[in-house]
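Visitor:
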Amino acid sequence: MEPEAQNNQDKISTWIVDDNKSFCLVLAANLNKSKTVDCQRFYHSCKSLLSDLEIDGSPPSVILLDIKMPAMNGLDAIIPIKKLSPGSNIIMLTSYDLDENIRSAMKRGASGYLLKSASPDEIVRAIESVQQGGMPLDPAITKKMMAAYVGWEGPENVYDLSAREKDVLKLVTQGMNNVEIAQKLFISRFTVETHLRNIFHKLDIHSRQKLAVKAIKDRIV
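Using the numbering used here, the first residue of the sequence shown is number 35, and each one after it goes up by one.
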């Protein structure tokens, strides 16, 4: 037991702040499988996190913070968190890739920005990176920023798909079923089915196979 405790002390202490309890449980379990990250706490509101930071003498090295939260959203919580724990690096982990959210998060003190479509390994690498002074960004966001920099925005989003709908559609083109998509994105199967219904409606297609063909042909994802 003693050597294991020592190993945990050497790992990067990480807390999760997300109101989706299932997501927290699954993500924490996956992070704890890594050799470098120790995730023992998660919070379902920013206020409960701030309350603990006020009294806790051992704040985490990294906080994974969602944006859409009850009472106080993640963006509004960044500055209070940094005041209470200036040494904690904040990585936004969210479904929203809006430019204004990214700019606001970084301006307020976040050290990284990932989308929830990131795999556990990608999240672990981001935690390791931020601990070493890096500023990890989701590949999709990096691509988006580079496209804007060179003046190319890519295929027009004529179907008005949300970021999460695009995530689901991309995995459909990879041949994943609803259960596999739910596990990959840390969401429920019911949520996947809801996104698919919206995608079918927006693209006016009712066959999964035709949907995948159109997505690839029209470069939707």
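For each residue, glycine too, the CB sits at the ideal point set by N, CA and C.
Going straight from the alpha carbon of R137 to that of S95, what length do you get?
Guide: The count along the sequence shown starts at 1 and reaches residue 137 at position 103. The count along the sequence shown starts at 1 and reaches residue 95 at position 61. If I take the Cα positions, the gap works out to 23 Å.
Visitor: Helix, strand or coil: how does DSSP classify V192 here?
Guide: By 1-based counting over the sequence shown, the position of residue 192 is 158. If DSSP states are grouped into helix, strand and coil, V192 belongs with coil.
Visitor: Less than 6 Å between C-beta atoms, sequence neighbours within five positions excluded: which residues of the same chain meet that for H78?
Guide: Locating residue 78 in the sequence shown gives position 44, where the first residue counts as 1. Cβ neighbours of H78 beyond the five flanking positions: D53.
Visitor: Write down the C-beta distance between I157 and L148 rounded to the nearest angstrom, noting that I regard them as a contact closer than 8 Å.
Guide: Here the question's residue 157 lines up with position 123 in the sequence shown. Here the question's residue 148 lines up with position 114 in the sequence shown. Yes, I157 and L148 are in contact; Cβ-Cβ is about 6 Å, under 8 Å.
Visitor: Kindly list the residues whose CB is nearer than 6 Å to the CB of K116, restricted to its own chain and excluding five residues on each side of it in sequence; keep chain order.
Guide: Taking the sequence shown and counting its residues from 1, one reaches residue 116 at position 82. Hits under 6 Å: G143.
Visitor: Could you name the residues of the same chain whose beta carbon sits closer than 6 Å to that of K57, not counting the 5 residues immediately before and after it, in chain order?
Guide: As a first step, residue 57 is located in the sequence shown; it is residue number 23 there, counting from the start. The question names Lys, but residue 57 is Phe in the sequence shown. F220.
Visitor: Near N64, which residues of its chain fall below 6 Å by C-beta distance, leaving aside the five closest residues on each side in sequence?
Guide: Taking the first residue of the sequence shown as position 1, residue 64 is located at position 30. For N64, where only same-chain residues beyond five positions count, the Cβ hits under 6 Å are P154.
Visitor: Here's the rule: buried if 16 or more other CB atoms are within 10 angstroms of the residue's CB, otherwise exposed. What is V213?
Guide: Residue 213 sits at position 179 when you count from the first residue of the sequence shown. Counting Cβ neighbours within 10 Å, V213 comes out exposed, since fewer than 16 surround it.
Visitor: To the nearest angstrom, how far is it from the Cα of E187 to the Cα of L83?
Guide: Counting from one through the sequence shown, the residue named residue 187 turns up at place 153. Counting from one through the sequence shown, the residue named residue 83 turns up at place 49. Here the model assigns E187 a pLDDT of 49, short of 50, so the residue's position is not dependable, and the following value carries that caveat. When rounded, the distance between both Cα atoms is 38 Å.
Visitor: Who are I50's beta bridge partners in DSSP?
Guide: The residue labelled residue 50 in the question sits at position 16 within the sequence shown. I50 pairs with F76, L98.
Visitor: Tell me whether V255 sits in a helix, a strand or coil according to DSSP, three-state version.
Guide: Along the sequence shown, one-based indexing puts residue 255 at 221. Coil at V255, not helix or strand.
Visitor: If we count Cβ pairs, one from each stretch, closer than 8 Å, do we get three or more for the segment 157-173 versus the segment 202-218?
Guide: In short, these stretches do not touch, since the Cβ pair count stays below three.
Visitor: Tell me whether the beta-carbon of I112 lies closer than 8 Å to the beta-carbon of A139.
Guide: Along the sequence shown, one-based indexing puts residue 112 at 78. Along the sequence shown, one-based indexing puts residue 139 at 105. Yes, these two residues count as a Cβ contact at 8 Å.
Visitor: Cα-Cα, which of I89, T128, P114 is closest to M103?
Guide: Against the sequence shown, residue 103 aligns to sequence position 69. That would be T128, whose Cα lies nearest to the Cα of M103.
Visitor: Taking a contact to mean a Cβ-Cβ separation below 8 Å, would you say L256 touches L87 in this structure?
Guide: There is no way to answer for residue 256, as the model of the chain reaches only from 35 to 255.
Visitor: What first and last residue would you give for the alpha helix (DSSP H) that runs through T128?
Guide: For this step, residue 128 is matched to residue 94 along the sequence shown. Segment 123-128 is the beta strand (DSSP E) holding T128; no alpha helix (DSSP H) there.
Visitor: Can you tell me the Cβ-Cβ gap for S151 and M169, rounded? I've got them flagged as a contact below 8 Å.
Guide: Counting from 1 along the sequence shown, the entry for residue 151 is found at position 117. Counting from 1 along the sequence shown, the entry for residue 169 is found at position 135. That pair is no contact at about 19 Å.
Visitor: Inspect the beta-carbon positions of T207 and A160 and report whether they are closer than 8 Å.
Guide: Numbered from 1 along the sequence shown, position 173 holds the residue referred to as residue 207. Numbered from 1 along the sequence shown, position 126 holds the residue referred to as residue 160. No, Cβ-Cβ distance for T207 and A160 is not below 8 Å.
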